[in-house]
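J.: Chains as they are written, first to last, in our numbering: chain A, 26 to 251; chain B, 26 to 251; chain C, 898 to 1122; chain D, -6 to 346; chain E, -6 to 346. We put the beta carbon where it would ideally sit given N, CA and C, even for glycine. What follows is a structure written as C-alpha cells; I'll ask about it next.
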Amino acid sequence: MPTGADLTALGVTLKLAALATTVLLLLGTPLAWWLSRTRWRFKFVLEAVVALPLVLPPTVLGFYLLIAFGPHGPLGKLMAAVGGPPLAFSFSGLLVGSVIYSMPFVVQPLQDAFAAVGRRPLEVAATLRASPIDRFFSVAVPLARPGFLTATVLGFAHTVGEFGVVLMIGGNIPGETQVLSIALYDHVEGLEYGHAHWLSGGLLLTSFLMLIAVYGLNRRFRVLRP
Amino acid sequence: MPTGADLTALGVTLKLAALATTVLLLLGTPLAWWLSRTRWRFKFVLEAVVALPLVLPPTVLGFYLLIAFGPHGPLGKLMAAVGGPPLAFSFSGLLVGSVIYSMPFVVQPLQDAFAAVGRRPLEVAATLRASPIDRFFSVAVPLARPGFLTATVLGFAHTVGEFGVVLMIGGNIPGETQVLSIALYDHVEGLEYGHAHWLSGGLLLTSFLMLIAVYGLNRRFRVLRP
Amino acid sequence: RIRVAVASNFAGAARKIVERFEARVDHQVDLSLGSTGKHYAQIVHGAPFDAFLAADAWRPELLERDGLARSGSRFTYARGRLVLWSATVGLVDPGGRVLDQGEFRHLAIAHPELAPYGRAAREVLTALGRWDALAARLVRGEDVGQAFQFVASGNAELGFVSYSQVRQLEGSIDGSLWQVPENLYSPIEQQAVLLSDREAARAFLRFLRGAEALEIIRDAGYGAP
Amino acid sequence: MRARFRVARGEFTLDVDLSLPASGVTALFGPSGCGKTTLLRAIAGLERHDDGYLQIGETTWQDADLFVPPHRRALGYVFQEASLFEHLTVRSNLDYAANRVPAAERRVPVDRAVELLGIGTLLDRRPAHLSGGERQRVAIARALAASPRLLLMDEPLASLDRQRKGEILPYLESLHRELDMPLLYVSHSHDEVARLADHLVLLECGRAEGSGPIDEMLTRLDLSLAHGPDAEALIEATVSEHDEEFDLTYLDSGVGRFSVARRALPVGSRVRVRVAARDVSLTLSPQSDTSILNIFPATVEEVAAEAEGQATVRLKVGGIPMLARVTRKSAAALGLESGKKVFAQAKSVALLA
Amino acid sequence: MRARFRVARGEFTLDVDLSLPASGVTALFGPSGCGKTTLLRAIAGLERHDDGYLQIGETTWQDADLFVPPHRRALGYVFQEASLFEHLTVRSNLDYAANRVPAAERRVPVDRAVELLGIGTLLDRRPAHLSGGERQRVAIARALAASPRLLLMDEPLASLDRQRKGEILPYLESLHRELDMPLLYVSHSHDEVARLADHLVLLECGRAEGSGPIDEMLTRLDLSLAHGPDAEALIEATVSEHDEEFDLTYLDSGVGRFSVARRALPVGSRVRVRVAARDVSLTLSPQSDTSILNIFPATVEEVAAEAEGQATVRLKVGGIPMLARVTRKSAAALGLESGKKVFAQAKSVALLA
Ligand SMILES: Nc1ncnc2c1ncn2[C@@H]1O[C@H](COP(=O)(O)OP(=O)(O)OP(=O)(O)O)[C@@H](O)[C@H]1O
Ligand SMILES: Nc1ncnc2c1ncn2[C@@H]1O[C@H](COP(=O)(O)OP(=O)(O)OP(=O)(O)O)[C@@H](O)[C@H]1O
Ligand SMILES: [Mg+2]
Ligand SMILES: [Mg+2]
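Here's what the structure looks like:
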C-alpha cells in the first residue's frame, strides 16, 4: 500500500512532469523551429550543445547544477541579482534541472518533424495572407503533430523517471522536491522490496494507461501522407 | 589527469555505447518500420510498452533487471538453460539493460521518420521492380535519414550518460562493467573534485566533437524537401 | 585478484589501504564503490564480490544471517565521526550553538532512515531538542556524500557530515566545524564481511584490521573500531 | 489483356471489366474523379483488391488465388503527381530503374531515354532543383529506363509544352511498334488521344461506358464523345501523292481519297485524318459546283438529337464510321434515318502525323 | 504593373523587366524550364531577390528598400504541384483562405467558388482522399476564396478535362472584368491562351523574348510563336448577324466581315476568331470564283523564311495583324515584300467563344 508520503511524492512528480513538459515544449518548439529553418552555417554546433547534457551521468550533471545554483555559482548569482527564488532545494530548481536534462528528447523530434513539413505548405499559407505566426500555428504545428507527440511522451516519461539530477539538486524535501522516483529508490535502498514492487507496479500501470490514452487518441487525428 | 582506471572505463563506455547503439538500431529499425506501416488496431499498446521503461527510475529498473537476470530470475534461468553467459554483473547484461532503457529514444524518432516518408516513394520503387527489402534499404532508409541521425545521437548519448541501470546490474566492476559515468560518479562521491572536473570536461569535449562531426557531416547529405 | 565492494564514503581510505596491501602481497584488489543498499541488493542477486565494506552494521548483519556472508567474518573496521560543518568560516561555533540561533536556511543531513550518518544526525538533533524545530529546514542527501556536496557547494549553509570528508578536503575550503560529542549519537559502526572463501580476501580483511590499515583509517578521520 | 476490378471507396465505386488489346496504345479517357488513377493503381498492383482479375498476354497477375506483387510485374508507371526520389540525383533516379532490369530484358538504354526527353543537362541535379516539367520528363525517362512489359502513364504530358510533346509523342508511338511495349495512357487531351491511341476506354463515374478501337469509340452515339462540340472521327490513311500545282496532298483511306493542304510527308507514310463532325455536311446528291474537295458517298446509321436544335448523324463510309453535325431541321428535311444513302462533304480535315 | 527581377540559379538566370497591364489576363508562355514558376514566385514574394522591383497599380511591393512579405500582398496563388493542406478537410482548406480576408475585401464567396468548381460533394474529405483533378480544383477554389487583388496561376487547368475547363475558363475570364482581378496565368495550351489571354509574355531561357497584347504577340515574326506549324492570329469580333439560309454566322471585326459556320450566339456578343496561318492564302487580285468566303485586302509587312521551303508572311488587315503560311516559291512568284498590297483568303476560321 502506498503511504501518504508516496502520494505526496506522486503529486510532486506529476506536477513536475507536467510543468517540465510544458516548459520543454515552450522552449523547445521555437528552438526546434529555428533549427529546422535556419541556414546558419554553425547551427550544428548548437545542435550538439543541446544534446550534450545527455552524456553526463545525471548525478554528475546534478552536481554541476548544484555548483551553478550555489551562492558562488553563475545561476545562483543571477537569481540573487534579479531577486528570484534560490534554485537549489526548490521545486523551481528541479524544474530547471529536468528541463535541461530532457531538452534533447523534445528538440530533436520536433526539429525532425518541422523539417518534414517542408516549405510548400508554409508558402501556400503565406499566399493566403497568413502571417508568420499564424502559419506557424495553423500549418507547421498541426503538420508536425507526430513530432509533438513523440516529444511530449519522451519528455514527460523521462521527467517522471528522471532521478539523478533531481536527487542531487532537490534535497529530497517532502512535498517540495521529493518525487516518486526518489521515494521508490529509497524503498529499494531500504530493502523495503514489497513496498517498492507496489509502487513500481502502480507507476507503471498509471504511466501505461496515460501512454495508451495519448497514443490511442492520436490514432484518430493522424494526418495522412500519400 | 585521468587514471588508468578512467581510461579503462572510457574503453568500456565507448564499447558499450557503440554496441548498444548498434543493437538499438538493429532492433529498433524493424520495430519502428512495422509500427509506422501497420494498421493493427492495437499497435498503440505496443507503442506504450516501448516507452514504458522510461518512467521507472533507472536504479529501480536496474533492480528489476537484476532480479530478472539473477539465478532465480526468468532471464537468468533462460540464459542458463540455453547455456548463455550470465547477464548480471557482466558486459552482456549492461548491454541488455542499456538497450531496454534507451529503446524509446530510438524507436520513436525512427517511427516518425518512416511515417514521414509516405507511401508514394515506396510505391514508385515497387513499380521499378524493387523488392520490399530492396525498397526498404534503397528508399525508406535514405529518406528517413534525419530520424536515423536523431535516433543514433539520442541512443548513443543516453547510453554514455546512462548510469543507474548500469550501476545496478553491472556492479561497477573495473574493466568489465565500470563505465565512465560510474567512474565519474565515484569521483564526485569520493570528493575528488579536481578529478571529476577533469573527467567531465574530457567527456563533454569528446562528446561535443563527436556530435559536431555527426551533425556537421549530416548537413552535407540533407535531403531537400520542397 | 579479488573484488571488494566498498561504501562510497570510505573510498579514499580504502584506496590507500589497497595500495599498501598490494605492495605487501601478491594480490590485486578491485574496488567497486557504491551505496551500501545497492551493494546489498547486488550481493543478494549473486554479485561476484569477495568482501564487503559497508557503511553500516545492518546490511552485513543481514547478509550474515541469510548465509550470504561467511559467518563470523563480520567486524567493525571503522567508526564514523559526525561533524557539523559549514563551508563558511565562523558560521559553525565549536559548541554547535548555531543550531539554536538558526541563522541559516538549509541544514543538510544524510537520509535518516537509510544512511548511518543520517541516523546519527537525527539522534543528535533529537538529543538537542531541535529536530522538530529544524524539520522544515532540513535537506536530505541520499547518503552522506550528497549531504556533503550540499554544504560544499554553499547551497546548504551547514550540515552533518562525516569528519573523514572534511579531512579529505585537506583545507581546500576554509570552513568551520563542530565535532559532535560521541555521546549524542549511537556509534556509526562501519562493518566488513567476507563473502567468498578466497584466501586473498581473507588476507585483505586481515590486513584491514591490522595496525598499518588502522593508521590510515584514523588518518582519514575515522574513529578506530 | 483482361482486367476486372471492383473497388469501393466511400461513395465512389470502380467496377470495370475490360478486355484490351495486348499491344498498342490504349487511352483511358474520362472526367476528373471518374476512377482512372484508381484503375491504373489496381493494374499496377499498388492496391490489392480481393475481387479482381488481371491477365496480360499469357501471364496472369491476379486472380482469386494469385496476386503478383508490383515489383514482379515489370511495369513502368508514370504517376500523376511528381514522384522522383528526392534523395537521389536525376542520374541516380534513372539508374535506380535501369539497375533493376535483368540484362536480358533491357530494351531502352538510359542514354536513349535521356536524349529523348532532353534531360542531359539535368543529370547531376536533385529533383528539388528542377522545374515542374523537368521533373515530369525525368519521371517518364525513368519509367522507360525500367524497360517495362507494360507502360502505365497517368497524364504524363500535362505539364509539357507543345513542342516537347511533339518530340515525345512519336517516340511513345514507336514504343509499342518497335519494342512491343503496350501503353495504357490517361489523358484529358483530345489531341494527344487522337494522335496516339489505338484503343480507347471511356470511364464515367467508375464504370467503363465503353471500350473499343478509337475510330469506333469516337463515333459511337451511345457515348458522350460523339456529342460534345468537339465530336470527330479518326480515319487511318496513307499519303499517296502530292499535288505541286494546287499545293495539296492526297491521302488514300478506306473512305476514299482525301485532299488536304500540302504537308511535307513522304509518300506511303501512314497518317491519321481527323474529321470534325461540325465540318461535315450532308447532301442527297453529289454536288459538283462546290468548293469542298472531300466528298464521299455514305450510309446513315443512326441519328441522335442534340441541344440547341442540332443533331449528330453517324455515317458509314466504305465501312468506316464518320460523324456529321447538322441542324435537326435539315435532318428532318433530308429525311435522315438509318440506311439512308447520302453524300458527306468534309469542309476541312486535319492531318495528324 | 511593373516587374523587374534578376535571379541566378546555377546555370539558369532569370532576367526580366516587364510592364504588364494592371488588369485583364496575362499569359506566361514558354517551354519547360524557362523560368515561369521562378517568375511567379518572385512576384508572389515567396523568394526574395535583392535586385528586384515590383509595382502593382499604385502599390509598390518591392524596390531597393522595400519588400512586402507575401502574406501582405493579397494574392491568390495556384501552385504547379498539389498544395492543399493535408491536415485540413476540403472545407477547412477553403475556410482557411476565406477567414483571412478582411470583410471589406471579400469578393468571392466560398459557396460560389465551390459551386463553380464542382467540389460540393468533396467538402468533408481530406486531400489524400481526392483524385488529382479534384485536388487541383480545390486549390483553384481556395485561391479564389482568398479574394485576391492579383491571381497567379501556374498551369491550373493542366489536369482537368475539357468539359471542366470549359466551365472554369469563362469564369476566369469574368474575374477580371467583373471583379477587376487581374490574372497572371502560366499555360502550355495554345487553346487556353488563345481563349483567355489579353496579354502574352513569352519567356525563353529566362529572358522575356517579348511581351505585348496577344494579337500582336502571336503575329510577331521575331518571336517563335509565329513560326511553328500552329502559327495563328487572333481577331476580336462581334456577332452581327445569323444567316439561316446558308447556315452561317457573320462576325464584324476591324479586319472586315467573317463568315463562319453557324453558332448559336446572341447578336452583339464579343468573340474571338482564330485564323491559322496555314489556312490563309494570298492573291494579288481579289478572286471571285472561289469558295472561300473570308477575303480581305491586306498589306504585307514582313516575310520570314521557314524550314521545308515555306515562308511566313505577316500582314496588316485594317490595322490588325494576320499571318499567312505560303511556299517560298509562291512568295517569290507573287513578289511579296514589305508594303505590297495583296488579298488574304482565309480557308477556314475558328470561332472561340
Ligand atoms: N534550386 C535550383 N537550382 C538550380 N536550378 C534550378 C533550381 N530551381 C529551378 N532551377 C532551374 O531554373 C529553371 C527555371 O525553373 P522554373 O521552375 O521557373 O521553370 P518553369 O518555366 O516553371 O518550367 P516548367 O514549365 O517545367 O514548370 C529550370 O531550368 C530549372 O532547372
Ligand atoms: N481514399 C479515398 N476515399 C474516398 N474516396 C476516394 C479516395 N481516393 C479516391 N477517391 C475518390 O475516388 C474517385 C476516383 O479517384 P481517381 O483518383 O481514380 O480519379 P481520376 O479518374 O484519376 O481523376 P483525376 O483525373 O482527377 O486524377 C474520385 O471521385 C475520388 O474522389
Ligand atoms: Mg488521377
Ligand atoms: Mg513551372
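By a C-beta neighbour count over all protein chains shown, 10 Å radius and 16 as the cutoff for buried, is residue 1080 of chain C buried or exposed?
T.: Position 183 of the third sequence, counted from the first residue, corresponds to residue 1080 of chain C. Residue 1080 of chain C comes out exposed.
J.: Quick one: any contact between the segment 917 to 931 of chain C and the segment 1035 to 1043 of chain C, if contact means 3 or more CB pairs under 8 Å?
T.: The answer is no - the segment 1035 to 1043 of chain C does not touch the segment 917 to 931 of chain C, with fewer than three Cβ pairs under 8 Å.
J.: Within this structure, are the beta carbons of residue 110 of chain E and residue 130 of chain E separated by less than 7 Å?
T.: One-based indexing of the fifth sequence puts residue 110 of chain E at position 117. One-based indexing of the fifth sequence puts residue 130 of chain E at position 137. Taking 7 Å as the Cβ cut-off, residue 110 of chain E and residue 130 of chain E qualify as a contacting pair.
J.: Tell whether a beta-carbon distance below 7 Å holds between residue 91 of chain A and residue 1050 of chain C.
T.: In the first sequence, the residue the question calls residue 91 of chain A occupies position 66. In the third sequence, the residue the question calls residue 1050 of chain C occupies position 153. Yes, Cβ-Cβ distance for residue 91 of chain A and residue 1050 of chain C is below 7 Å.
J.: Output yes if chain A places a C-beta closer than 7 Å to the C-beta of residue 171 of chain B; else output no.
T.: Mapped onto the second sequence, residue 171 of chain B falls at position 146. At least one chain A Cβ lies under 7 Å of residue 171 of chain B.
J.: Against chain A, which members of the segment 72 to 86 of chain B pass a CB distance test of less than 7 Å?
T.: Correct list: 72, 73, 76, 77, 79, 80, 81, 82, 83, 84, 85.
J.: Mind checking whether residue 337 of chain E and residue 273 of chain E have CB atoms under 7 Å apart?
T.: Position 344 of the fifth sequence holds residue 337 of chain E. Position 280 of the fifth sequence holds residue 273 of chain E. In this structure, residue 273 of chain E lies closer than 7 Å to residue 337 of chain E by Cβ.
J.: Is it right to say residue 14 of chain E is buried, meaning 16 or more other beta carbons lie within 10 angstroms of its own, or is it exposed?
T.: Translated into positions along the fifth sequence, residue 14 of chain E becomes position 21. Burial call: exposed.
J.: Classify residue 154 of chain B: buried if its beta carbon has 16 or more other beta carbons within 10 angstroms, exposed otherwise.
T.: On the second sequence, position 129 is the one that residue 154 of chain B refers to. Counting Cβ neighbours within 10 Å, residue 154 of chain B comes out buried, since at least 16 surround it.
J.: With a threshold of 7 Å on Cβ separation, who are the neighbours of residue 296 of chain E within its own chain once the five nearest residues in sequence on each side are excluded?
T.: Within the fifth sequence, the letter at position 303 stands for residue 296 of chain E. Closer than 7 Å at Cβ, skipping near neighbours: 304, 306, 324, 329, 330.
J.: Specify, as a first and last residue, the run of the beta strand (DSSP E) that residue 290 of chain E falls within.
T.: By 1-based counting over the fifth sequence, the position of residue 290 of chain E is 297. Note, residue 290 of chain E: beta strand (DSSP E), 287 to 298.
J.: Residue 1036 of chain C versus chain A: which residues are under 9 Å apart at the beta carbon?
T.: Here residue 1036 of chain C refers to the residue found at position 139 of the third sequence. Going along chain A in sequence order, the residues near residue 1036 of chain C (Cβ under 9 Å) are 113, 114, 195, 196, 197, 198, 202.
J.: At a cut-off of 6 Å, is residue 25 of chain E close to ligand 1 when judged by its beta-carbon and the heavy atoms of the ligand?
T.: Against the fifth sequence, residue 25 of chain E aligns to sequence position 32. Yes, Cβ of residue 25 of chain E sits closer than 6 Å to a heavy atom of ligand 1.
J.: Just checking: is the beta-carbon of residue 217 of chain A within a distance shorter than 7 Å of some beta-carbon in chain E?
T.: Counting from one through the first sequence, the residue named residue 217 of chain A turns up at place 192. Residue 217 of chain A does not count as touching chain E.
J.: Quick check on the DSSP output: the beta strand (DSSP E) that includes residue 54 of chain D runs from which residue to which?
T.: Here residue 54 of chain D corresponds to residue number 61 of the fourth sequence, with the count starting at 1. That run of the beta strand (DSSP E) goes 52 to 55.
J.: I'd like the list of long-range same chain contacts for residue 56 of chain E, defined as Cβ closer than 7 Å, with 5 residues on each side in sequence excluded.
T.: In the fifth sequence, the residue the question calls residue 56 of chain E occupies position 63. Only 46 meet the Cβ criterion.
J.: Expressed to the nearest angstrom, what Euclidean distance is found between the alpha-carbon atoms of residue 130 of chain A and residue 240 of chain A?
T.: In the first sequence, the residue the question calls residue 130 of chain A occupies position 105. In the first sequence, the residue the question calls residue 240 of chain A occupies position 215. Their Cα atoms are separated by approximately 17 Å.
J.: In whole angstroms, what is the alpha-carbon distance linking residue 280 of chain E and residue 342 of chain E?
T.: For the purposes of this step, residue 280 of chain E is taken as the residue at position 287 of the fifth sequence. For the purposes of this step, residue 342 of chain E is taken as the residue at position 349 of the fifth sequence. Computed Cα separation, rounded: 18 Å.
J.: Got a sec, what are the start and stop residues for the alpha helix (DSSP H) residue 64 of chain A sits in?
T.: Along the first sequence, one-based indexing puts residue 64 of chain A at 39. Unbroken run through residue 64 of chain A: none, as it is neither H nor E.
J.: When Cβ atoms are compared, which residues of the segment 906 to 935 of chain C fall closer than 7 Å to chain B?
T.: Listed by position along the chain: 908, 909, 927, 929, 930, 931, 935.
J.: Residues around ligand 3, please: the ones whose beta-carbon is closer than 6 Å to some heavy atom of it, in chain order.
T.: Going by the Cβ distance cut-off, the answer is D:29, D:30, D:73, D:147, E:124, E:125.
J.: Which residues in the same chain as residue 961 of chain C place their Cβ atom closer than 7 Å to its Cβ, once the five residues preceding and following it in sequence are excluded?
T.: As a first step, residue 961 of chain C is located in the third sequence; it is residue number 64 there, counting from the start. 968, 971, 1090, listed in sequence order.
J.: Can you confirm whether the segment 219 to 227 of chain E touches the segment 237 to 247 of chain E when touching is taken to mean that 3 or more C-beta pairs between the two stretches lie within less than 8 Å?
T.: No, the segment 237 to 247 of chain E is not in contact with the segment 219 to 227 of chain E.
J.: Per DSSP, what are the beta-bridge partners of residue 1085 of chain C in this structure?
T.: Counting from one through the third sequence, the residue named residue 1085 of chain C turns up at place 188. Paired residue(s): C:977.
J.: At the 7 Å Cβ level, is residue 942 of chain C part of the contact set with chain B, yes or no?
T.: In the third sequence, the residue the question calls residue 942 of chain C occupies position 45. Yes, because at least one Cβ of chain B sits closer than 7 Å to the Cβ of residue 942 of chain C.
J.: Determine, for residue 987 of chain C, whether the minimum Cβ-Cβ distance to residues of chain B falls below 7 Å.
T.: Residue mapping note: residue 987 of chain C aligns to position 90 of the third sequence, counting from 1. So, not an interface residue.
J.: Rounded to a whole number of angstroms, what is the C-alpha to C-alpha distance between residue 117 of chain E and residue 75 of chain E?
T.: By one-based count along the fifth sequence, residue 117 of chain E stands at place 124. By one-based count along the fifth sequence, residue 75 of chain E stands at place 82. Distance between the alpha carbons of residue 117 of chain E and residue 75 of chain E: 18 Å.
J.: In three-state DSSP terms, what is residue 315 of chain D?
T.: Mapped onto the fourth sequence, residue 315 of chain D falls at position 322. In this structure, residue 315 of chain D counts as strand in the three-state DSSP scheme.
J.: With C-beta atoms as the reference, is residue 153 of chain D less than 7 Å away from residue 113 of chain D?
T.: If you number the fourth sequence from 1, residue 153 of chain D lands on position 160. If you number the fourth sequence from 1, residue 113 of chain D lands on position 120. Not a contact, by the Cβ cut-off of 7 Å.
J.: Applying the 10 Å Cβ sphere with the 16-neighbour rule, what's the burial state of residue 262 of chain E?
T.: For the purposes of this step, residue 262 of chain E is taken as residue 269 along the fifth sequence, with counting starting at 1. The residue in question, residue 262 of chain E, is exposed, as its Cβ has fewer than 16 Cβ neighbours within 10 Å.
J.: Measure the Cβ-Cβ separation of residue 175 of chain E and residue 16 of chain E and say whether it is below 7 Å.
T.: The residue given as residue 175 of chain E occupies position 182 in the fifth sequence. The residue given as residue 16 of chain E occupies position 23 in the fifth sequence. Yes, these two residues count as a Cβ contact at 7 Å.
J.: Rounded to whole angstroms, what is the Cα-Cα separation between residue 1003 of chain C and residue 904 of chain C?
T.: On the third sequence, position 106 is the one that residue 1003 of chain C refers to. On the third sequence, position 7 is the one that residue 904 of chain C refers to. Rounded to whole angstroms, residue 1003 of chain C to residue 904 of chain C spans 26 Å at the Cα level.
J.: Can you list, in chain order, the residues of its chain whose CB lies under 7 Å from that of residue 95 of chain B, leaving out five sequence neighbours each side?
T.: Here the question's residue 95 of chain B lines up with position 70 in the second sequence. Hits under 7 Å: 101, 113.
J.: Taking residue 1010 of chain C as the query, report the chain A residues whose CB atoms sit under 8 Å from its CB, ordered along the chain.
T.: Counting from 1 along the third sequence, the entry for residue 1010 of chain C is found at position 113. 211, 215, listed in chain order.
J.: What do you get for residue 66 of chain E, buried or exposed, if any count of 16 or more other CB atoms within 10 angstroms of its CB means buried?
T.: In the fifth sequence, the residue the question calls residue 66 of chain E occupies position 73. With 16 or more Cβ atoms within 10 Å of its Cβ, residue 66 of chain E is classed as buried.
J.: So which residues of chain B does residue 1042 of chain C contact, with C-beta pairs closer than 7 Å?
T.: Translated into positions along the third sequence, residue 1042 of chain C becomes position 145. Near residue 1042 of chain C (Cβ distances below 7 Å), the residues of chain B are 214.
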